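K.L.:
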Amino acid sequence: MRTKPYLIVTAQGKYHAYLINDVTSAVTDSGLNIVAVEQNSSFGLAILAMVTETIEPDDSVYAARERLLKKFGKLINHQVDVKIIPPGEISRFVNKNIQVFTIIGRDKVGILKAITNALANFRVSIEKMHHIARGELVVMELWVDASELRDLAVLKDAIQQTCKRFNFDTIIQPDSPFRQRRRLVVFDMDRTIIENEVIDELAKAANVGKKVSEITSKAMAGELEYKESLRARVKLLKGLSADLFHDVAQNMKLTHGAQDVTRTLKELGFKLALISGGFYYFANIVKERLGFDYVYANELEIKDGVVTGELKGPIIDAEAKGRILKEIAEKEGLTLDEVVAVGDGSNDEIMLKNAGFGIAFNAHDILKKVADGQLTQKNLHGLLFCLGATGQNQIPDTASAS
Numbered sequence: 000m001r002t003k004p005y006l007i008v009t010a011q012g013k014y015h016a017y018l019i020n021d022v023t024s025a026v027t028d029s030g031l032n033i034v035a036v037e038q039n040s041s042f043g044l045a046i047l048a049m050v051t052e053t054i055e056p057d058d059s060v061y062a063a064r065e066r067l068l069k070k071f072g073k074l075i076n077h078q079v080d081v082k083i084i085p086p087g088e089i090s091r092f093v094n095k096n097i098q099v100f101t102i103i104g105r106d107k108v109g110i111l112k113a114i115t116n117a118l119a120n121f122r123v124s125i126e127k128m129h130h131i132a133r134g135e136l137v138v139m140e141l142w143v144d145a146s147e148l149r150d151l152a153v154l155k156d157a158i159q160q161t162c163k164r165f166n167f168d169t170i171i172q173p174d175s176p177f178r179q180r181r182r183l184v185v186f187d188m189d190r191t192i193i194e195n196e197v198i199d200e201l202a203k204a205a206n207v208g209k210k211v212s213e214i215t216s217k218a219m220a221g222e223l224e225y226k227e228s229l230r231a232r233v234k235l236l237k238g239l240s241a242d243l244f245h246d247v248a249q250n251m252k253l254t255h256g257a258q259d260v261t262r263t264l265k266e267l268g269f270k271l272a273l274i275s276g277g278f279y280y281f282a283n284i285v286k287e288r289l290g291f292d293y294v295y296a297n298e299l300e301i302k303d304g305v306v307t308g309e310l311k312g313p314i315i316d317a318e319a320k321g322r323i324l325k326e327i328a329e330k331e332g333l334t335l336d337e338v339v340a341v342g343d344g345s346n347d348e349i350m351l352k353n354a355g356f357g358i359a360f361n362a363h364d365i366l367k368k369v370a371d372g373q374l375t376q377k378n379l380h381g382l383l384f385c386l387g388a389t390g391q392n393q394i395p396d397t398a399s400a401s
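Reading the sequence shown from the start, the letters are residues 0 to 401 in numbering that gives the first Met the number 0.
1. Got a sec, what are the start and stop residues for the alpha helix (DSSP H) Y279 sits in?
2. Are the region 341 to 357 and the region 209 to 226 touching by the rule of at least three beta carbon pairs closer than 8 Å?
3. Can you tell me whether DSSP reads S399 as helix, strand or coil?
4. Assign Y17 to buried or exposed, taking buried as 16 or more other Cβ atoms, counted over all protein chains shown, within 10 Å of its Cβ.
5. Does L264 pass the burial test, meaning 16 or more other C-beta atoms within 10 Å, or should it be called exposed?
6. Identify every residue that forms a DSSP beta bridge with D189.
7. F186: which of G372, L271 and E88 sits nearest, CA to CA?
8. So the beta strand (DSSP E) Y293 belongs to, where does it begin and stop?
9. Where are the beta strand (DSSP E) runs, 3 residues long or more, that stay fully inside the region 88 to 172, in chain order?
10. I'd like to confirm the pairing. Which residues does DSSP put opposite G332 in its beta bridges?
11. Can you tell me which of T53, L44 and E194 puts its alpha carbon nearest to the alpha carbon of A257?
12. Here's the rule I'm using: 16 or more other beta-carbon atoms within 10 Å means buried, otherwise exposed. How should S41 be labelled?
13. How many angstroms separate the CA atom of L6 from the CA atom of G12?
14. Between P173, E222 and V247, which lies nearest to E200 when the distance is taken from Cα to Cα?
15. For L44, is the classification buried or exposed, using 16 other Cβ atoms within 10 angstroms of its Cβ as the cut-off for buried?
16. On the CB-based measure, 16 or more other CB atoms within 10 Å of its CB, does D189 come out buried or exposed?
17. Judging by CA-CA distance, which residue of K112, Y14 and T191 is the nearest neighbour of Q373?
18. Of the residues L68, I83 and I84, which one's Cα is nearest the Cα of H77?
19. Mind checking which residues open and close the beta strand (DSSP E) that includes N311?
20. Helix, strand or coil, according to DSSP, for N378 in the structure here?
21. Can you list, in chain order, the residues of its chain whose CB lies under 7 Å from that of N392, leaving out five sequence neighbours each side?
22. With DSSP collapsed to three states, give me the class of H363.
23. Going by the beta-carbon positions, is the gap between A241 and V197 smaller than 8 Å?
24. Tell me whether N39 is buried or exposed, calling it buried when 16 or more other Cβ atoms sit within 10 Å of its Cβ.
25. I'd like the list of long-range same chain contacts for A117, defined as Cβ closer than 7 Å, with 5 residues on each side in sequence excluded.
26. Under the rule that 16 or more other beta-carbon atoms within 10 Å means buried, what is S228, buried or exposed?
27. Which residue marks the beginning of the beta strand (DSSP E) containing D259, and which one marks its end?
28. Could you give the DSSP three-state label for E65: helix, strand or coil?
29. What first and last residue would you give for the beta strand (DSSP E) that runs through M49?
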């Protein structure tokens, strides 16, 4: 067991390119080894923190501290400090349980004060924070050290309730390596990537809109078994001319932000999959328009140019969606921790459970219960922040983006 103390070096002041080089040189020249280091710079200011240890067994940490302070005296315009920390306390500086809070909504006075006040009540420290205003959305990311908490769930609930009062979304996730390594995003189609429910639009064309819409609402809320409800709705479409498919497709409206989000994710190297309980004709159009790599959906049986009221092939329900997600991940050589799923209805439940990170988008209550995070804003841009795509070149201006 280690008995020798560590030295924690901190430097802060005006940023310049040689700051970290100057500090590391002083540390090394003083006969110290660097154990851990962090640097952050913003608005022209820099903060550097470093855990160091003496190399020679008989070297006193007190003598090393004096050598360091003497060398740091030559650093102009920077405030430097060196603290001696007992070995038993170093874990609280290095081994932290960092939770990333992503908070998204339309700007309201007092939101940041309310969040920081709630965190202060739990005596947790904010390690880092980004506050970004872009167009109609404000996004805040807070890295919170939850190491000392007995019950993280209580803190999560408190922050979510605080944000709910301001109509802000809150997504909370561990700052694990998988957060940056996610490589596949799987989307539902109806009322997720597109605003419409395609089967309801087909039903309107077949003059059975009210009947089908009632069944759809109950199915998405989990009040009806999905296969049964789908067969019942498809039967009501019997006799509909397939020529009307084109008109319905023309009226499909992409969810605000869908184009930006899919384009950005593709640029970042993500694979994209569309797994829909809707119909292949329409899902494939969305795939081609947005550049999805995979598309899966149900297929309507067509004979003599009209809908027969039956489906071709196996039905894509909740179980099938969950299975297909796993199959795509395996094909891409990914673990499930590297997969994100986004959906809105009960038939997305297994898909979200199987993914390493599941997001309920304007979802029914049944899906919110199993999701890792919720987005209730009327666009998909918040998804980029949940995935850590926070570089300014990756953030669309939501006031004008599609």
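Cβ atoms here follow ideal geometry from the backbone N, Cα and C, with glycine treated the same way. It should be emphasised that the depicted structure is a prediction, and the values quoted were computed from it without experimental measurement.
P.N.:
A quick look at the data gives this:
1. Indexing the sequence shown from 1 puts residue 279 at position 280. Counted as a single uninterrupted DSSP element, the alpha helix (DSSP H) harbouring Y279 occupies residues Y279 to L289.
2. Yes: the two stretches touch, three or more of their Cβ pairs being nearer than 8 Å.
3. The sequence position of residue 399 within the sequence shown is 400, counting from 1. With a pLDDT of 40 at S399, under the threshold of 50, the modelled position of that residue is not reliable, and no figure is offered here.
4. Locating residue 17 in the sequence shown gives position 18, where the first residue counts as 1. Flag for Y17 reads exposed.
5. Start at 1 with the first residue of the sequence shown, and residue 264 comes out as number 265. By the neighbour-count rule (16 or more Cβ atoms within 10 Å), L264 is buried.
6. To locate residue 189, count along the sequence shown from 1; it is residue 190. Answer by DSSP bridge pairing, in chain order: I193.
7. In the sequence shown, the residue the question calls residue 186 occupies position 187. For F186, the nearest C-alpha among the options comes from L271.
8. Within the sequence shown, residue 293 is the residue found at index 294, counting from 1. Where Y293 is concerned, the enclosing beta strand (DSSP E) stretches over Y293 to K302.
9. 97 to 104, 124 to 133 and 136 to 144
10. Position 333 of the sequence shown, counted from the start, is the residue given in the question as residue 332. G332 pairs with nothing; no bridge assigned.
11. Numbered from 1 along the sequence shown, position 258 holds the residue referred to as residue 257. Among T53, L44 and E194, the Cα nearest to that of A257 belongs to E194.
12. Taking the first residue of the sequence shown as 1, we reach residue 41 at position 42. It is exposed - the Cβ of S41 has fewer than 16 other Cβ atoms within 10 Å.
13. Here residue 6 is taken as the residue at index 7 of the sequence shown, counted from 1. Here residue 12 is taken as the residue at index 13 of the sequence shown, counted from 1. Near 20 Å, if we compare the C-alpha coordinates of G12 and L6.
14. As a working mapping, residue 200 is identified with position 201 in the sequence shown. It is V247.
15. Working through the sequence shown from its first residue, we reach residue 44 at position 45. Its Cβ having fewer than 16 others within 10 Å, L44 is exposed.
16. Numbered from its first residue, the sequence shown carries residue 189 at position 190. Classification of D189: buried, given that the 10 Å Cβ count is 16 or more.
17. The residue you call residue 373 lines up with position 374 of the sequence shown. Of the listed residues, the one whose Cα sits closest to Q373 is T191.
18. Here residue 77 refers to the residue found at position 78 when the sequence shown is read from its first residue. Among L68, I83 and I84, the Cα nearest to that of H77 belongs to L68.
19. Taking the sequence shown and counting its residues from 1, one reaches residue 311 at position 312. At residue 311 the sequence reads Lys, which differs from the Asn that was named. K311 -> beta strand (DSSP E) spans V305 to K311.
20. Start at 1 with the first residue of the sequence shown, and residue 378 comes out as number 379. Residue state, collapsed to three classes: coil.
21. Locating residue 392 in the sequence shown gives position 393, where the first residue counts as 1. With a pLDDT of 46 at N392, under the threshold of 50, the modelled position of this residue cannot be trusted; read the value that follows with caution. So the list is empty, once near-sequence residues are dropped.
22. Position 364 of the sequence shown, counted from the first residue, corresponds to residue 363. Three-state result, H363: coil.
23. Translated into the one-based positions of the sequence shown, residue 241 becomes position 242. Translated into the one-based positions of the sequence shown, residue 197 becomes position 198. No; because the gap between Cβ atoms is not below 8 Å, this pair is not in contact.
24. The residue you call residue 39 lines up with position 40 of the sequence shown. Exposed, since its Cβ has fewer than 16 Cβ neighbours within 10 Å.
25. Numbered from its first residue, the sequence shown carries residue 117 at position 118. Around A117: A157, I158 and T161.
26. The residue given as residue 228 occupies position 229 in the sequence shown. Burial call: buried.
27. Against the sequence shown, residue 259 aligns to sequence position 260. Here D259 belongs to no beta strand (DSSP E); instead the alpha helix (DSSP H) covers A257 to E266.
28. The count along the sequence shown starts at 1 and reaches residue 65 at position 66. If DSSP states are grouped into helix, strand and coil, E65 belongs with the helices.
29. For the purposes of this step, residue 49 is taken as the residue at position 50 of the sequence shown. Per DSSP, M49 belongs to the beta strand (DSSP E) from L44 to T53.
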